[in-house]
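Below you'll find the structure, written out as structure tokens, and then a few comments.
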Amino acid sequence: MLANFTKEQIDRFGSILNDTNASRTDSALLKHELAYCLGQTQNKTAIPILIDVLRDHKQEPIVRHEAAEALGAIGDSSAETILLEHRKDPCQEVAETCELALRRLQWIKE
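Residue numbers (the UniProt record's numbering): 1 to 110.
Now the structure itself:
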């Protein structure tokens with residue numbers, strides 16, 4: 001069952017994920033779990049937040065990886081461009097996850 005988060009709740013998750021000052025949290029595990037939860041909602045409102053996280057090379061690789069995975073889980077083609085850009089990411093885990101997310105988007109199209 002998908003969680004029904006409001007836009008405000010998703011925005012709160014996003015503010016924690018995108019807080020590069022670490023004034024709220026410096027926990028990669030928490031940020032990873034927040035990205036995971038956003039993906040599980042399958043709510044398209046989360047896409048810009050997850051794209052920002054994926055683009056942010058200051059984020060821990062595990063957080064960026066989970067943002068890519070969440071974009072794949074949401075399954076919206078609007079994430080295709082960013083996933084294509086990052087399938088050649090210098091971080092192997094991020095690159096491989098982007099490739100898997102792209103495969104999921106392709107599977108959804110078919």
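Just so you know, even glycine gets a beta-carbon here, dropped at the ideal spot from N, CA and C.
Legend entry - Pairwise C-alpha distance: arginine 103 and isoleucine 62: Working through the sequence shown from its first residue, we reach residue 62 at position 62. Working through the sequence shown from its first residue, we reach residue 103 at position 103. Roughly 20 Å separates the two Cα atoms.
Inset, instruction - Can you have a look at lysine 31 and say buried or exposed, based on whether 16 or more other CB atoms are within 10 angstroms of its CB? - result: On the sequence shown, residue 31 is found 31 positions in, with the first residue counted as 1. The residue is buried, with at least 16 neighbouring Cβ atoms inside 10 Å.
Legend entry - Option in Glu8, Trp107 and Leu29 with minimal Cα separation from arginine 64: If you number the sequence shown from 1, residue 64 lands on position 64. Ranking Glu8, Trp107 and Leu29 by Cα distance to arginine 64 puts Leu29 first.
Legend entry - Backbone CA spacing between residue 113 and aspartate 26 [nearest angstrom]: No answer is possible for residue 113: it lies beyond the span of the chain, which begins at 1 and ends at 110.
Legend entry - Contacts around aspartate 76, its chain only, beta-carbon distance under 7 Å, and the 5 residues preceding and following it disregarded: Start at 1 with the first residue of the sequence shown, and residue 76 comes out as number 76. Once the five neighbours on either side are set aside, the close Cβ partners of aspartate 76 are Lys44 and Ile47.
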